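Participant:
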Amino acid sequence: MSRKVYVSRGLPKRVMEEFSRICEFDVNPIDKQASREELVNGVKNYAAVVSMLNDQIDAELIAQAGPDLKLIANYGVGFNNIDVKAANAKGIYVTNTPDVLTDATADLAWALLFGAARRVVEGDKICRTSTFSWAPEYMLGYDVTGRTLGIIGAGRIGSNFARKAALGFGMRVIYYGRHNSPALDEIGGKLVSLDELLRESDYISLHVPLTPDTKHLIGASELAKMKPTAILINTARGPVIDEAALAEALKNHVIAAAGLDVYEREPQIEAALKGLDNVVLMPHVGSATFDTRTNMGLMIARNIEAVLAGSEPPNVVRV
Ligand code: DGY
């Protein structure tokens, strides 16, 4: 019976040291995404698989799992890359890394918001490639302080982002979600319909998980309802936005700008977006800070430890 762990990609040194302390493991020896064959080997021959958010752990892969596999531990909070139902049906736990990445991801959403509102990337490019000449209406952007922020998805990251908006920038917060959020109500947030949020927000930030219900939640008709000065931020999952429709809306100034960390077909990015100045693009790095990536790995170590001891891991996801 295997008690070994397969780690699909090398994690920060401190995490690998912790894994060495608590278990035996094999790790992808090269710093590249695991191939399908490597993942098949992982699920077939190990007790736990540590997967990355770009590893597709679908039903077909899970069907090949060996009898020892007890845990798939995803290095990330989103777990849309894993067929959780198929795993659970075989008695395999799926875990994620919530909480430890909330601040880092919300902070990146702020970087994108300011980058888009104040044209940071455009300005940087000008400074590097030409000379600038100051003028009263040169490089005008949009105010943030005191404006209206619309949050779609009032979970941990959305609430954290909104709290920073209200407390740091005196923004009025409205939100759309399935339920009232006590965290958002506490900072004066107001639950509204999606239509109202689209019409009233100066900034809209997406924080919903990717599910069949949230795929293309923002498409051409939603973009058309936004203010022409609206700025859209996405640090959630790419397919929540119809990326081709967004490129078209940005090109035609249906909305003012966008800041994106996630894409519909990662690592591909809609070609039309790349030619536009009014979008700031980041390569899916919401949780990518030194401390956060370490803490995510240490959280996975606690889940491995629990499973190897025959207990339920602390960060089980439920669908
Ligand atoms: C995650 O972990 O799911 C997020 O995409 C953070 O980058």
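First residue of the sequence shown? That's 4 in this note's numbering, and the numbers climb one at a time after it.
Beta carbons are placed, not taken as given, at the ideal position from N, Cα and C, and that holds for glycine.
Given the structure is predicted, the values throughout are model-derived calculations rather than measurements.
From K73, E40, Q271, pick the residue whose C-alpha is nearest to that of A51; which is it?
Facilitator: Ranking the options by Cα distance to A51, first place goes to K73.
Participant: Around the Cβ of I33, are there at least 16 other Cβ atoms within 10 angstroms (buried) or fewer (exposed)?
Facilitator: Looking at its Cβ environment, which holds fewer than 16 other Cβ atoms inside 10 Å, I33 is exposed.
Participant: Is H287 a contact residue of the ligand DGY, with contact defined as CB to any heavy atom under 7 angstroms?
Facilitator: Checking every heavy atom of the ligand DGY against the Cβ of H287, one is found closer than 7 angstroms.
Participant: Would you kindly work out how many angstroms separate the C-alpha atoms of R150 and K218, rounded to a whole number?
Facilitator: Going by the C-alpha atoms only, they are around 28 angstroms apart.
Participant: Does the stretch 292-310 come into contact with the stretch 62-79, if we say contact requires no fewer than three beta-carbon pairs (one atom in each stretch) closer than 8 angstroms?
Facilitator: Touching, yes.
Participant: Name the one or two DSSP bridge partners that Q271 has.
Facilitator: Partner(s): R268.
Participant: Which same chain residues end up closer than 6 angstroms to G161 when comparing Cβ atoms and leaving out the 5 residues on each side of it in sequence?
Facilitator: Taken in chain order, the residues that qualify are I154, H210.
Participant: Compare the Cα-Cα distances from A107 to each of L311, R321, A291 and report the closest residue.
Facilitator: Checked all of L311, R321, A291; the closest Cα to A107 is A291.
Participant: Are the CB atoms of L116 and I236 nearer to each other than 8 angstroms?
Facilitator: Contact flag set, yes.
Participant: State yes or no: is the C-beta of V80 nearer than 7 angstroms to some heavy atom of the ligand DGY?
Facilitator: Yes; taking the cut-off as 7 angstroms, the Cβ of V80 has a heavy atom of the ligand DGY nearer than that.
Participant: Is it true that the CB of E267 sits closer than 8 angstroms to the CB of P242?
Facilitator: Cβ distance < 8 angstroms, so P242 and E267 count as in contact.
Participant: From the DSSP output, read off the bridge partner residues of T98.
Facilitator: Its beta-bridge partners are A76, V319.
Participant: Sort E20, A261, L301, P316 by Cα distance to E125 and report the nearest one.
Facilitator: It is A261 whose Cα lies nearest to the Cα of E125.
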